[in-house]
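**Student:** I have a structure here, written as structure tokens, and I will follow up with some questions on it.
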Amino acid sequence: MFTTGFKFFFGLTIALTIGAVAYGYSTGGEHVGPVTLGWKGGVGDHVGYLVLIGGAFASACFAGIIVAFRDADPAAQSHYMGVEAIAPTTPVSGSFWPVVGAFGGAAMVLGLVLGPAVFALGLVICSLVAIEWTMDAWADRATGDAEANKALRDRIMAPFEIPVAGALGVAVMALAASRIFLNATKLGAVVWAGVIAVTIFGLGILYAARPKMNKNVIAGLVLAVGVAVIAGGIVTAVDGQRDFEHHSEHHGDDHGEEHGEDHSEEGEASE
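First residue of the sequence shown: 0, per numbering that gives the first Met the number 0; consecutive thereafter.
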């Protein structure tokens with residue numbers, strides 16, 4: 000019996016192979032070249048043909064591996080192991096690190112065009128994701144108790160995560176706020192600074208006045224303020240800084256020197 004995973008990858012192999020042959024003939028393939036991988040004739044555009052054929056080969060390999068291991072089917076595994084049933088495994092917890100890693104990868108790609116700073120930021124994000132995701136995967140399988148696994152992970156990672164997260168949060172907020180101030184006028188920068196300060200102070204007063212408030216509400220408010228400031232920083236950074244007026248400090252000296260030269264010229268003329 001063929002497993003679901005094998006059916007998917009086998010179908011993908013057939014689709015990619017047909018696509019490669021059709022692409023080869025549509026881009027100038029000759030005789031049976033696209034069918035014979037270029038042995039009897041040309042294959043047309045080599046890059047597109049190679050990508051499609053490579054994808055078909057990779058899908059075929061995955062299909063073979065899946066059918067060999069029975070797609071991790073417990074019934075098939077118990078049959079080959081000679082036992083009635085496989086012991087249930089502990090389900091892994093949900094993780095948002097893949098999404099963060101996707102943002103880090105996108106930042107690295109954009110950094111190749113925008114500059115080394117963006118690339119370095121993406122590299123740092125991907126490195127942090129690799130560490131955090133690895134610890135999550137390890138903790139999920141440490142014991143059979145989900146609560147004990149979470150406590151074990153927090154005991155190891157919390158001394159590092161909390162200071163690093165706090166430092167990064169402060170740095171990002173400060174950078175975003177500075178972009179807003181540099182984009183606004185003199186009065187506008189003062190107004191924006193007051194609004195941000197009052198908002199943060201208000202959140203602190205709210206938390207102190209109602210310590211029993213749902214933590215999800217507090218976290219949502221803090222997240223909303225942080226996202227608003229960061230979004231404002233991104234928009235103003237794209238818009239650019241305001242025009243600064245540069246006042247020269249040597250106008251008076253130059254003016255005095257010019258008058259001195261005029262008087263000296265008049266004196267020489269009178270002589």
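Backbone N, C-alpha and C define an ideal beta-carbon position, used for all residues, glycine too.
#1: Jot down the residue ranges of each uninterrupted alpha helix (DSSP H) in the segment 180-240, minimum 4 residues, whole runs only, in chain order.
#2: Between residue 231 and the rest of its own chain, which residues show a CB-CB distance below 6 Å, the 5 nearest in sequence each way excluded?
#3: For residue 104, I'd like the list of residues in its chain whose CB is within less than 7 Å of its CB, leaving aside the five on either flank, ordered along the chain.
#4: In whole angstroms, what separates the C-alpha of residue 8 from that of residue 67?
#5: Please tell me whether residue 32 and residue 23 are closer than 8 Å, where the distance is taken between their beta carbons.
#6: Contact check, residue 202 vs residue 221 under 8 Å by CB: the rounded distance?
#7: Specify the secondary structure class of residue 6 as computed by DSSP and reduced to three states.
#8: Three-state secondary structure (DSSP) at residue 140?
#9: Which stretch, first to last residue, makes up the alpha helix (DSSP H) that contains residue 97?
#10: Leaving aside the five residues before and after residue 21 along the sequence, list all residues of the same chain whose C-beta is less than 6 Å from its C-beta, in chain order.
#11: Compute the distance between the beta-carbons of residue 26 and residue 47, then report whether it is under 8 Å.
#12: Which of the three DSSP states, helix, strand or coil, is assigned to residue 1?
#13: If I'm right that residue 28 touches residue 42 with Cβ under 8 Å, what's the distance once you round it to whole angstroms?
#14: Can the beta-carbon of residue 128 be found less than 8 Å from the beta-carbon of residue 100?
#15: Quick check on this structure: which residue in 108, 160, 111 and 154 has the alpha carbon closest to the alpha carbon of residue 130?
#16: When the Cα atoms are used, what is the spatial distance from residue 56 to residue 12?
#17: What separation, rounded to the nearest whole angstrom, lies between the Cα atoms of residue 168 and residue 140?
#18: Starting from the C-beta of residue 61, find all residues in its chain whose C-beta is less than 6 Å away, skip the five residues before and the five after it, and write them out in chain order.
#19: What is the rounded straight-line gap between the Cα of residue 113 and the Cα of residue 45?
#20: Have a look at residue 209 and residue 219 and give me their C-alpha separation to the nearest angstrom.
#21: How long is the line joining the alpha carbons of residue 204 and residue 237, rounded to whole angstroms?
#22: Would you tell me roughly how many angstroms separate the C-alpha atoms of residue 166 and residue 242, rounded to the nearest one?
#23: Among 59, 217 and 182, which residue has its Cα nearest to the Cα of residue 239?
#24: Assuming residue 199 and residue 176 make a contact with CB atoms under 8 Å, what is their CB distance in whole Å?
#25: Should residue 117 and residue 106 be called a contact, given that it needs their Cβ atoms to be closer than 8 Å?
**Tutor:** Short version:
#1: 185-208 and 214-238
#2: Counted from its first residue, the sequence shown places residue 231 at position 232. Around residue 231: 179.
#3: Position 105 of the sequence shown, counted from the first residue, corresponds to residue 104. For residue 104, where only same-chain residues beyond five positions count, the Cβ hits under 7 Å are 121 and 125.
#4: Here residue 8 corresponds to residue number 9 of the sequence shown, with the count starting at 1. Here residue 67 corresponds to residue number 68 of the sequence shown, with the count starting at 1. When rounded, the distance between both Cα atoms is 13 Å.
#5: Taking the first residue of the sequence shown as 1, we reach residue 32 at position 33. Taking the first residue of the sequence shown as 1, we reach residue 23 at position 24. Contact flag set, yes.
#6: Taking the sequence shown and counting its residues from 1, one reaches residue 202 at position 203. Taking the sequence shown and counting its residues from 1, one reaches residue 221 at position 222. Between residue 221 and residue 202 the Cβ distance is about 6 Å, and since that is below 8 Å, they are a contact.
#7: Sequence index remark: in the sequence shown, residue 6 carries index 7 (1-based). The answer is helix: DSSP assigns residue 6 an H, G or I state.
#8: Indexing the sequence shown from 1 puts residue 140 at position 141. In this structure, residue 140 counts as coil in the three-state DSSP scheme.
#9: By one-based count along the sequence shown, residue 97 stands at place 98. Note, residue 97: alpha helix (DSSP H), 96-113.
#10: As a working note, residue 21 is residue 22 in the sequence shown. For residue 21, where only same-chain residues beyond five positions count, there are no Cβ hits under 6 Å.
#11: Stepping through the sequence shown from its first residue, residue 26 is reached at position 27. Stepping through the sequence shown from its first residue, residue 47 is reached at position 48. Contact flag set, yes.
#12: Within the sequence shown, the letter at position 2 stands for residue 1. Residue 1 falls in the coil class under three-state DSSP.
#13: Position 29 of the sequence shown, counted from the start, is the residue given in the question as residue 28. Position 43 of the sequence shown, counted from the start, is the residue given in the question as residue 42. That belief holds up - the Cβ atoms of residue 28 and residue 42 are roughly 5 Å apart, short of 8 Å.
#14: Numbered from its first residue, the sequence shown carries residue 128 at position 129. Numbered from its first residue, the sequence shown carries residue 100 at position 101. Result yes, Cβ atoms of residue 128 and residue 100 sit closer than 8 Å.
#15: Taking the sequence shown and counting its residues from 1, the one referred to as residue 130 is at position 131. Closest by alpha carbon: 160.
#16: Against the sequence shown, residue 56 aligns to sequence position 57. Against the sequence shown, residue 12 aligns to sequence position 13. Looking at the two C-alpha atoms, the distance is approximately 7 Å.
#17: For the purposes of this step, residue 168 is taken as residue 169 along the sequence shown, with counting starting at 1. For the purposes of this step, residue 140 is taken as residue 141 along the sequence shown, with counting starting at 1. So the alpha carbons of these two residues sit roughly 30 Å apart.
#18: Here residue 61 is taken as the residue at index 62 of the sequence shown, counted from 1. Contacts found: 8.
#19: Working through the sequence shown from its first residue, we reach residue 113 at position 114. Working through the sequence shown from its first residue, we reach residue 45 at position 46. Taking the straight line from one Cα to the other gives about 31 Å.
#20: Locating residue 209 in the sequence shown gives position 210, counting from the first residue. Locating residue 219 in the sequence shown gives position 220, counting from the first residue. Answer to the nearest angstrom: the Cα atoms are 15 Å apart.
#21: Residue 204 sits at position 205 when you count from the first residue of the sequence shown. Residue 237 sits at position 238 when you count from the first residue of the sequence shown. Computed Cα separation, rounded: 34 Å.
#22: As a first step, residue 166 must be located in the sequence shown, where it is residue number 167. As a first step, residue 242 must be located in the sequence shown, where it is residue number 243. Cα-Cα distance, rounded: 31 Å.
#23: Residue numbering aside, residue 239 sits at position 240 when the sequence shown is read from its first letter. The residue with the shortest Cα to Cα distance from residue 239 is 182.
#24: Residue 199 sits at position 200 when you count from the first residue of the sequence shown. Residue 176 sits at position 177 when you count from the first residue of the sequence shown. Their Cβ separation, rounded to whole angstroms, is 10 Å, which puts residue 199 and residue 176 out of contact at 8 Å.
#25: The residue labelled residue 117 in the question sits at position 118 within the sequence shown. The residue labelled residue 106 in the question sits at position 107 within the sequence shown. Going by C-beta atoms, residue 117 is nearer than 8 Å to residue 106.
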